[in-house]
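Protein sequence lines correspond, in order, to chains A and B. Heads up: the first sequence is residues 160 to 518, going by my numbering. Heads up: the second sequence is residues 160 to 518, going by my numbering. Every residue gets a Cβ at the ideal spot worked out from N, C-alpha and C, and that includes glycine.
There are 2 protein chains.
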Amino acid sequence: MSKKLLRVLRGERVDPPPIWLMRQAGRYLPEYRELREQAGDFLSLATIPDLATEVTLQPVRRFMLDAAILFSDILLVPWGPGQRLEYVSGTGPVLSPIRSAADLLRLSPARLSSAIGSVAQTVRRVRGALGNASSDVALIGFAGAPWTVACYMIEGRGSRDFVAPRMMAYRNAALLDGLIGLLTETTISYLTAQADAGAEAIMLFDSWAGLLPPSQFRRYILAPNCSICAAVRQRFPGLPLIGFPRLAGTMLGEYGVATGVDAAGIDTSVSPEVAASLLPSGVAVQGNLDPLAVLVGGEELEAQTRYILTALDNRPHIFNVGHGILPNTPPKHVEELVRIVRQGPSRPFGRDPAGQTAT
Amino acid sequence: MSKKLLRVLRGERVDPPPIWLMRQAGRYLPEYRELREQAGDFLSLATIPDLATEVTLQPVRRFMLDAAILFSDILLVPWGPGQRLEYVSGTGPVLSPIRSAADLLRLSPARLSSAIGSVAQTVRRVRGALGNASSDVALIGFAGAPWTVACYMIEGRGSRDFVAPRMMAYRNAALLDGLIGLLTETTISYLTAQADAGAEAIMLFDSWAGLLPPSQFRRYILAPNCSICAAVRQRFPGLPLIGFPRLAGTMLGEYGVATGVDAAGIDTSVSPEVAASLLPSGVAVQGNLDPLAVLVGGEELEAQTRYILTALDNRPHIFNVGHGILPNTPPKHVEELVRIVRQGPSRPFGRDPAGQTAT
């Protein structure tokens, strides 16, 4: 009996679908806030294996989700090789921006190995803990895809439109190619280490894929995602891969074909029916509830959840949000969501399968 | 002999396609900056018919474009009925936010008529000027679509993610429905006045359509866009309508079917081929060059332009950018763009049709 999430990733329809949630470990959980305070800063929380293991397990224990996702941050990959990184309250991550070849050359990819070591340690511990506690929970490892990580590295912080990296694609494509190439290599090492340590599936987050016109999407999204998927697959045949080209919209189908991912994450704006029709038929769809619906709860949470369940009923489907859980989300709403998903699309909420009102 | 833009809007393929550019009148033109300085503030420039007429005509004269678009602002529709509006340098528009029924009731839609009057006056003057100077130039009127205008009215300013209006869709849908209803009505009056004054096509800008999950997209994008298109069409049968559901992605096909627009604008992230396949076959496609490519110029401008021309070669197509022209764009690059588009997809740039290098 294999784990539900892994069965869906092999192309099987599972009813009800497995559920996990992007940013399921995080500030909305009181037990997370407590550990975060103990750790002092975010980077310690993400890199001390004992703490990262505990944070990874918290939501799985509380909500009985079908997957744990490694607690980490996509910016460990630039931070490991030496890019200055600070988490500023109210602003988010702030980095010393990469704007020239000299900036790029100051990074030493070899130094990534210590960050990799701590993350691999976390993966091993989580896997050990899951093995004992709940054998149906799969462990997902992850990394940011090269373009998305490059966006932060070049801009130096979060942004509405990331003009600096988009401009670099036009004015200094050679430098951007170099950075994307470096990130492709380091991401392969990083993910290989996670798979070696016991990750059972890998997810690549390309949160800023939607910023690029088609030709640049092919060069900076498709090509590096392809290389990473191919390299990971060569070393770990059969290890399932989930891609998340956020806001890719009409490029979703081409992304699915080109990368050969086993599942594609879709963001909140996407029509699940159209996504299913654009993607090759064997590819599972992961998503795509509006995180605001979880924050607010009640009728809209129920209606949107059922809509997604119904729309993807005939498809290998992993239920998820379309973007990360928001910090002010009441944990009770996540409980409610899990309950609705486990009831499946056809059974009205609050009624038992025979159609009688429960209470 | 009808105007090229109008022929495409009736479903005809025209080679080379007509071209105009979103924000073709604006800060990147020295003649605009001069008038802007004379006017003092932006709202005067947009509402004094002499000035708005001149600004509307500037890019058409300079670049011989196939269409003039009324120089105005989508926020005249809330400003007219009394919402406080200021343009703050470096920040953009700042409004007193609408957060309650009381805020909404303070607006008096009847007061919109004076703003409507000045805009209609501008349309009449532009139409008169175009009639004499260049009979192939079509005049496009426009408005913001209700959801997009509501985003600014509720948030009170531009934003990365417009949390306030998105939250209102969950927590106070009745108030949002009321505001969208009011905007639908005033937008119909506003566009009717523009058509009466001589606008030859109408464009509805839904710049923030991409923020909503499918169910809310249907309620706040499809429904009001439909109502507006139907009402305008009833009063002006045959007046072509262009919709621009920016970042709608996979919802584009449903938008085209539901609204019955004659053309759909597509943003920079969209695959022109997929857009063409999602939209009903009679609907023209308008777009979608990256404005950064125009700012930067050179090889990428040429390559991306030719790619779009080729991808939409078999489709009624209006060449445009996928988002507004950027303030630092050199006017010379717009000239270059117009030249490339007029050469068509198959003729290599810098060579004459016989294949010899021109100089």
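Can you tell me which of the options puts its alpha carbon nearest to the alpha carbon of residue i?
| i | options | result |
| --- | --- | --- |
| T351 of chain B | B:L224, B:G276, B:L454, B:I178 | B:G276 |
| L271 of chain A | A:A227, A:G239, A:L363, A:A423 | A:G239 |
| M326 of chain B | A:L164, A:V493, A:N487 | A:N487 |
| T307 of chain A | A:A288, A:G287, A:L335, A:V296 | A:L335 |
| G430 of chain B | B:G412, B:A417, B:G441, B:G419 | The question names Gly, but residue 430 of chain B in the sequence shown is Ser. The option with the nearest alpha carbon to S430 of chain B is B:G412. |
| G441 of chain A | A:G337, A:D449, A:S255, A:A423 | A:A423 |
| Y349 of chain A | A:I477, A:L235, A:A407, A:F321 | A:L235 |
| L371 of chain B | B:E245, B:M223, B:T409 | B:T409 |
| D262 of chain A | A:G337, A:D232, A:A227 | A:G337 |
| Q502 of chain A | A:V322, A:D472, A:P490, A:E359 | A:D472 |
| P256 of chain B | B:S248, B:G249, B:R265 | B:R265 |
| Y379 of chain A | A:Y311, A:I339, A:T418, A:C388 | A:I339 |
| G483 of chain B | B:T346, B:Y187, B:G170, B:V219 | B:Y187 |
| F301 of chain A | A:V219, A:Q242, A:T215 | A:T215 |
| R243 of chain B | B:A226, B:L224, B:L202 | B:L202 |
| I233 of chain B | B:A333, B:Q183, B:A205 | B:A205 |
| R316 of chain B | B:D225, B:T281, B:E245, B:T418 | B:E245 |
| P489 of chain B | B:E190, B:L165, B:K162, B:G170 | B:E190 |
| V420 of chain A | A:F230, A:A354, A:G170, A:R319 | A:G170 |
| A389 of chain A | A:S259, A:F230, A:T346 | A:T346 |
| S318 of chain B | B:L381, B:I299, B:M181, B:G251 | B:G251 |
| G402 of chain A | A:N331, A:C385, A:P396 | A:C385 |
| L342 of chain A | A:I313, A:L406, A:L454 | A:I313 |
| L406 of chain A | B:A368, B:S259, B:V322, B:G241 | B:A368 |
| E432 of chain A | B:G241, B:P373, B:V444, B:E494 | B:P373 |
Let me know if residue i comes out buried or exposed under the rule of 16 or more other beta-carbons within 10 Å of its beta-carbon.
| i | result |
| --- | --- |
| V167 of chain B | buried |
| E213 of chain A | buried |
| Q393 of chain B | exposed |
| D365 of chain B | buried |
| P404 of chain B | buried |
| D209 of chain B | exposed |
| R284 of chain A | buried |
| A513 of chain A | Annotation note: pLDDT 43 at A513 of chain A (below 50); position unreliable, coordinate value reported separately. Flag for A513 of chain A reads exposed. |
| D426 of chain B | buried |
| P450 of chain B | buried |
| E461 of chain B | buried |
| E459 of chain A | buried |
| P475 of chain A | buried |
| D320 of chain A | exposed |
| S428 of chain B | buried |
| R465 of chain A | buried |
Report the three-state DSSP secondary structure of residue i (helix, strand or coil).
| i | result |
| --- | --- |
| L210 of chain A | helix |
| L468 of chain A | helix |
| A487 of chain A | For the record, residue 487 of chain A in the displayed sequence is Asn; it is not Ala. In this structure, N487 of chain A counts as coil in the three-state DSSP scheme. |
| D355 of chain A | helix |
| A292 of chain B | With a pLDDT of only 47 at A292 of chain B, under the threshold of 50, the placement of this residue in the model should not be trusted; the figure read from the coordinates follows. Looking at A292 of chain B - three-state DSSP - the assignment turns out to be helix. |
| M181 of chain A | coil |
| L202 of chain A | helix |
| I477 of chain A | strand |
| G441 of chain B | coil |
| G446 of chain B | strand |
| L341 of chain B | helix |
| R270 of chain A | helix |
| L188 of chain B | coil |
| R286 of chain B | helix |
| R316 of chain B | strand |
| D426 of chain B | coil |
| P324 of chain A | helix |
| R501 of chain B | helix |
| P431 of chain B | helix |
| E171 of chain B | coil |
| K163 of chain B | helix |
Who does residue i pair with in a DSSP beta bridge?
| i | result |
| --- | --- |
| N331 of chain B | BP columns for N331 of chain B are empty, so no partner. |
| G303 of chain A | A:F364 |
| L298 of chain A | A:A227 |
Establish whether the CB of residue i and some CB of chain D are separated by less than 7 Å.
| i | result |
| --- | --- |
| D449 of chain A | Here chain D cannot be found, since the structure's protein chains are A and B. |
Point to revise | Whole beta strand (DSSP E) elements within the stretch 206–263 of chain A, 3-residue minimum | key: 226–228, 244–247, 251–254
Check your understanding: In the stretch 345–389 of chain B, which residue ranges form an unbroken alpha helix (DSSP H) of at least 4 residues, counting only runs that do not cross its ends?
Key -> 373–376
Review point. Could you give the uninterrupted runs of the beta strand (DSSP E) lying entirely in the stretch 388–423 of chain B, keeping only those of 3 residues or more?
Key: 400–404
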